[in-house]
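The structure appears right after this line, and notes come after that.
There are 2 protein chains.
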Amino acid sequence: MRARDLASEFPTVKRETLAIEAARLLAGQDLPGLIVVDDEGLPSKVLPGTQVLRMAVPGYCQDDPVLARVIDESEADLFLRELGERTVGDGLDEADRELPVVDGEATVLEIASVMAASRSPLVAVVEDGRMLGAISLDALLDRVLDLG
Amino acid sequence: MRARDLASEFPTVKRETLAIEAARLLAGQDLPGLIVVDDEGLPSKVLPGTQVLRMAVPGYCQDDPVLARVIDESEADLFLRELGERTVGDGLDEADRELPVVDGEATVLEIASVMAASRSPLVAVVEDGRMLGAISLDALLDRVLDLG
Chain G
512 MRARDLASEF PTVKRETLAI EAARLLAGQD LPGLIVVDDE GLPSKVLPGT
562 QVLRMAVPGY CQDDPVLARV IDESEADLFL RELGERTVGD GLDEADRELP
612 VVDGEATVLE IASVMAASRS PLVAVVEDGR MLGAISLDAL LDRVLDLG
Chain S
512 MRARDLASEF PTVKRETLAI EAARLLAGQD LPGLIVVDDE GLPSKVLPGT
562 QVLRMAVPGY CQDDPVLARV IDESEADLFL RELGERTVGD GLDEADRELP
612 VVDGEATVLE IASVMAASRS PLVAVVEDGR MLGAISLDAL LDRVLDLG
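Protein chains in written order, with my numbering: chain G, 512 to 659; chain S, 512 to 659.
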């Protein structure tokens, strides 16, 4: 089994995508993060879901989460409004995590090696200058356990 | 909305659980990791999915994933066999990531603050000395976007 057989379509965002839009994509599906693509549609970075929260949650709450309780419950529920017009690119400037990439020929062991070394539960598959899709840790384990 | 309303049941493992069993749990569901509980059933650590791979993938492949290609495809597909009798505890000795915990009273903003500060897409909810369950980033965003 090779990477090109395992790659599946994966929602992508661009640097200019609104952060609230990224939050909606993350909520709709159980994703470990979002793939950020450049103007050619090639994967550049990964935006971890927690990074979207880091954009929305006030700094003093991140320093000491118990302080979040001074905000009353109904207001607290609406904290994502703080994202305002911020974009995915605004979040990336802080985190800047590279998304690992394999080519279509990569074997299951190579994909696993890349995930293990980078500690990334997601890798993109690129062949002939275009992204075929991505492989998540779950998808990899699903297939491998079927075979084992 | 409070943590106790958001907590949902979450598969847990113990230090003595076999790593291959952990891999099966991870494959069956889209989980960001597994909660490791102590003998009292209280959350202690989180085992990231990539840590299970780190136990199975040979060190030389992690150092240079392209070397994985020297293993032929049919053998590569079976790499999880390397887990053998290794346990979750064997993987934890390396990673040792704390699982963030909130109490049942925590508001949505407090939960988000804890996830943002720890960069963990998973928090456990503990009340009166027992674990009520856990909250994933997806679950949090699902509920918050519904309200927003």
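C-beta atoms are modelled at their ideal positions from N, C-alpha and C, and glycine is treated no differently. Computed from a prediction, not measured in an experiment: that's the story for all the values here.
Residue 535 of chain G is bridged by DSSP to nothing; it lacks a bridge partner.
In its chain, beyond the 5 residues on either side, 632 and 633 have a beta carbon closer than 6 Å to the beta carbon of residue 543 of chain S.
For residue 558 of chain S, DSSP records a beta bridge to S:545. Ranked by how close their Cα comes to the Cα of residue 521 of chain G, the residues G:657, G:644 and G:656 have G:644 in first place. The distance from the Cβ of residue 596 of chain S to that of residue 513 of chain S is about 42 Å, inconsistent with a contact at the 8 Å cut-off. The beta strand (DSSP E) runs lying completely inside the region 593-634 of chain S and spanning 3 residues or more are 612-614, given in chain order. Annotated three-state conformation of residue 638 of chain G is strand, per DSSP. Neighbours of residue 621 of chain G in chain S, taken as residues at a C-beta separation under 8 Å, are given in chain order as 572, 576, 577, 579, 580 and 587.
Going by C-alpha positions, residue 524 of chain G is about 15 Å away from residue 609 of chain G. About 4 Å separates the beta carbon of residue 576 of chain S from that of residue 624 of chain G, a gap short enough to meet the 8 Å contact definition. Annotated as distal: residue 649 of chain G and residue 583 of chain S, with beta-carbon spacing of 8 Å or more.
Taking the C-beta atoms as reference points, residue 619 of chain S is found no nearer than 8 Å to residue 518 of chain G. Only residues of its own chain outside the window of five on either side were considered, and among them 514, 517, 518, 622, 634 and 636 have a CB closer than 7 Å to the CB of residue 646 of chain S, listed in chain order.
Looking at G:560, G:550 and G:556, the one whose alpha-carbon comes closest to that of residue 531 of chain G is G:560. Boundaries of the alpha helix (DSSP H) harbouring residue 570 of chain G: 570-574, taken from the DSSP string. For residue 590 of chain G, the residues of chain S that pass the 8 Å Cβ criterion are 619, 620, 623 and 655, in the order they occur in the chain.
Burial state of residue 565 of chain G is buried, judged by a 10 Å Cβ sphere holding 16 or more other Cβ atoms. For residue 543 of chain G, a Cβ of chain S is located within less than 8 Å of the residue's own Cβ.
For residue 626 of chain S, the neighbours in chain G by C-beta distance under 7 Å run, in chain order, 561 and 564.
Residue 529 of chain G is bridged by DSSP to G:598. The beta carbon of residue 649 of chain S falls within 8 Å of a beta carbon belonging to chain G, placing the residue at that interface.
In the structure shown, residue 518 of chain G adopts coil according to DSSP, grouped into three states. Checking the DSSP bridge columns, you'll see residue 513 of chain G partnered with G:618. By the rule that beta-carbons nearer than 8 Å mark a contact, residue 527 of chain S does not touch chain G. The beta carbon of residue 538 of chain S sits closer than 8 Å to some beta carbon of chain G. Under a criterion of Cβ atoms nearer than 9 Å, the residues of chain S adjacent to residue 535 of chain G are, in order, 652 and 656.
Per DSSP, residue 584 of chain S is one residue of the alpha helix (DSSP H) stretching across 584-587. Spatial neighbours of residue 563 of chain S in its own chain (CB-CB distance under 7 Å, excluding positions within 5 residues in sequence) are listed in chain order as 530, 533, 534, 537 and 602.
Listed by position along chain G, the residues whose Cβ is nearer than 9 Å to that of residue 530 of chain S form an empty set, because the closest Cβ is around 12 Å away. In terms of Cβ geometry, residue 527 of chain G and residue 598 of chain G form a close pair [threshold 8 Å].
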